[in-house]
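Residue numbers (my numbering): 2 to 495. Where a beta carbon is used, it is the ideal one built from N, C-alpha and C, also for glycine. None of the values given here were measured: they were computed from a predicted structure. Worksheet: one structure, shown below.
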Amino acid sequence: MVLADLGRKITLALRSLSNATIINDDVINSMLKEICAALLEADVNIKLVKQLRENVKSAIVLEEMASGMNKRRMIQCALFKELVKLIDPGTSAWNPTKGKHNVIMMVGLQGSGKTTTCSKMAYFYQRKGWKTCLICADTYRAGAFDQLKQNATKARIPFYGSYTEMDPVVIAAEGVERFKSENFEIIIVDTSGRHKQEESLFEEMLQVSNTVQPDNIVYVMDASIGQACESQAKAFKDKVDVASVIVTKLDGHAKGGGALSAVAATKSPIIFIGTGEHIDDFEPFKTQPFISKLLGMGDIEGLFDRFNELKLDDNNEELMNKLMHGQFTIRDMYEMLQNIMKMGPFGQIIRMIPSFGIDILSKGTEQEMTTKFKKFMTIMDSMNDQELDDKDGAKLLSKQPTRIHRVARGAGVSNTDVQEMLLQYTKFSQLAKKMGGNRAFFKSGDMTKMTSQMAKMMSPKILNSMGGMAGMSGRIQSMMRAAGNTKGLMPFNM
Ligand code: GDP
Ligand code: MG
C-alpha cells in the first residue's frame, strides 16, 4: 500500500463520521478500526497503532464533550494530532546556515538512494539560491563517479571526484578543501554503501567523517524495509553521529508509514523524503504539513514557499493590470507555461492545495500535460512578435492560414497542432476576461497575489475540477482563513 492509499483509506474512514446521523461509541470504534487496519497494512508497528487508538479514544470522551461543541471536528482534530505524533521524532531538524560552509555527508546502505538523494538535495538548495556542490567519495562501486557526474551535469551543479584515486578519504578531503576555498555554502559528500552493515563500511564512514568534519551526517534509508528502519537507524547511530535522516522511495513501497514512524521512534528527525526517481521528486519533511497532505488537506506553507521561489512579484502588477482589463496575449500564455514548468511537478503542487484530493492527477496525466505544454511552447517559439503580442492572437493566425503554415513548419509540427495550441490559448484568454469582469477577485493583499498566481498556473482541466475561478477563489479564501486561525493546522473540510 503506497502512502497515497494510506491517506485515502484514513480519509474514507473519517468520512464515515460525516455520514453518520449521530456520533456514538460504535461509530467512533468502527472508524478507528478502519484507520488502525490501514496503518498496520502500511507496516506501522502494532504497539504504535494501539497507542494511537487509545490516545484518540481518551481524547474524545463523548459524555464530557459540551453539547454545543462540534464532535466531528473534535474527533478529527484528535486523530490529526495523533497521526502527527506518530511521525514526530520530538527533536528539531538541522538547517544549513547561510553564508557559511555547510558540509553534509550522506551515509547508508548500497542502493538506498544516496547518490540520487545527493543530487536531489543539491538541486533543491541551488534552486533556493544557495551556492551548492557535490563530491563523490564512493570509490567502492564501479561507475559511482559517472553516476554522480551525470546527475550533477544535468542539473548544472559543480562536482568533484576522481577516476584514479582509490582512497575515499583523500577525495573527500580534497573536494571539501577546494569547495571551501571557493566559498561554496552547501557541500554534499556522497559516500559508498555496502549491501549490509559491515565493519569495513562503518570504518570508512568514520574516516571520511573525521577528515571532513561534516556539519550534518544524513542517513539515507529506503522506505521499503518499513519498520525495520528502527533497528537499522539505531545501528548506524551507534557507529556514527547521524544527525538527520532522509527516507527514499516513498512513492512505490508498501511500507512507507512503517518506515516514517520507525525513524521517529529513534528520535532522528527526517529532513527530506524521496518520492520518485526524478531530481524533482524530493520534498522537505515537516510533520504537520505531511499529514495534512496525506489526508488531502493541502500544505499552505509549502504552497507559499513555491510561490516565493518563483519570484514573480516584479511582473505581477503588470499581469494583474492586464487581467483586470481582460487582456491575455499568446506571450502571456508562454510565460504562464514557463511558470508552471518552473514550479516543478504538477502533482506536487496540486497536493498542496487543501481538500483537493490526492488522486486528481495520476502520473500519466501529469506526464501528458508536461509533454503538451512543451509542445505548445515550441510552437510559440516559432511565432513573431506581432503574433505573440496581438490582443487576440488566435484570431490573427486563424484569419491568415499562411501564418499557421509558417509556424507549424518552423516548429516541426502539424497545422492541427498549431490549431490545438490556439484553441487552448482562446480558453485561457476567455478565463482572463471572466476574471477581469469579477472585481471581487482583485482585492488587495496576498489574497489577490495568490489567486492570480494560481490562475496563471492552472490548466482549464484543473481549474474546472476546482469549480472554476469562483470555486478556486473560495477555496483560497478558506485556506487563508484556516492558516490564520489555526497556525497551519488545516481544518477538516468534509
Ligand atoms: P546508492 O547506492 O545509495 O547511491 O543508491 P542510488 O542513488 O544509486 O539509487 C538506487 C536506485 O534507487 C536507483 O535506481 C534510483 O533511481 C532509485 N531511487 C532513489 N531514490 C528513489 C526514490 O525516492 N523513489 C524511487 N522510486 N526510486 C529511487
Ligand atoms: Mg551511490
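Between L296 and L15, the C-beta spacing is below 9 angstroms.
The residues L338, M422 and Q425, in chain order, have a CB closer than 7 angstroms to that of F377 in the same chain once the five nearest residues on each side in sequence are set aside. Secondary structure at A43: coil, using DSSP grouped into helix, strand and coil. The beta strand (DSSP E) runs lying completely inside the region 247-300 and spanning 3 residues or more are 271-275 and 283-285, given in chain order. Burial is judged here by how many other beta carbons sit within 10 angstroms of a residue's own beta carbon; Y220 has at least 16 and is buried. Residue L80 holds the alpha-carbon nearest to the alpha-carbon of E35 among L80, A60 and V171.
Under the three-state reduction of DSSP, V408 is assigned to helix. Looking at the DSSP output, T192 shares a beta bridge with A138. Shown here, I36 sits in a helix according to DSSP, grouped into three states.
Here S245 is buried, its C-beta having at least 16 other C-beta atoms within 10 Å. If you keep only unbroken alpha helix (DSSP H) runs of at least 4 residues inside the region 156-193, you get 169-182.
A straight-line Cα-Cα distance of about 12 angstroms links Y141 and L110.
In the DSSP assignment, the residues bridged to V104 are I188.
Closest by C-alpha distance to P402, out of T22, A255, K375 and N416, is N416. Here DSSP, grouped into helix, strand and coil, assigns T133 to strand. Around the beta carbon of N46, a 10 Å sphere encloses 16 or more other beta carbons of the protein chains shown; the residue is thus reported as buried.
Counting of Cβ neighbours within 10 angstroms places I23 among the exposed residues, the total staying below 16. Within the same chain, and ignoring the five residues on either side of I405 in sequence, the residues whose Cβ sits closer than 6 angstroms to its Cβ are L398, N416 and V419.
The criterion of a C-beta distance shorter than 9 angstroms is not satisfied by S120 and A173. Cβ atoms of L202 and V241 stay farther apart than 8 angstroms, at about 10 angstroms. Assignment of I11 by DSSP, reduced to helix, strand and coil, places it in the helix class. Beyond the five residues adjoining it in sequence on each side, Y126 comes within less than 6 angstroms, by CB distance, of T133 and I187 in the same chain, given in chain order. About 10 angstroms separates the beta carbon of E83 from that of V50, a gap too long to meet the 8 angstroms contact definition. As far as DSSP is concerned, Y126 takes part in no beta bridge.
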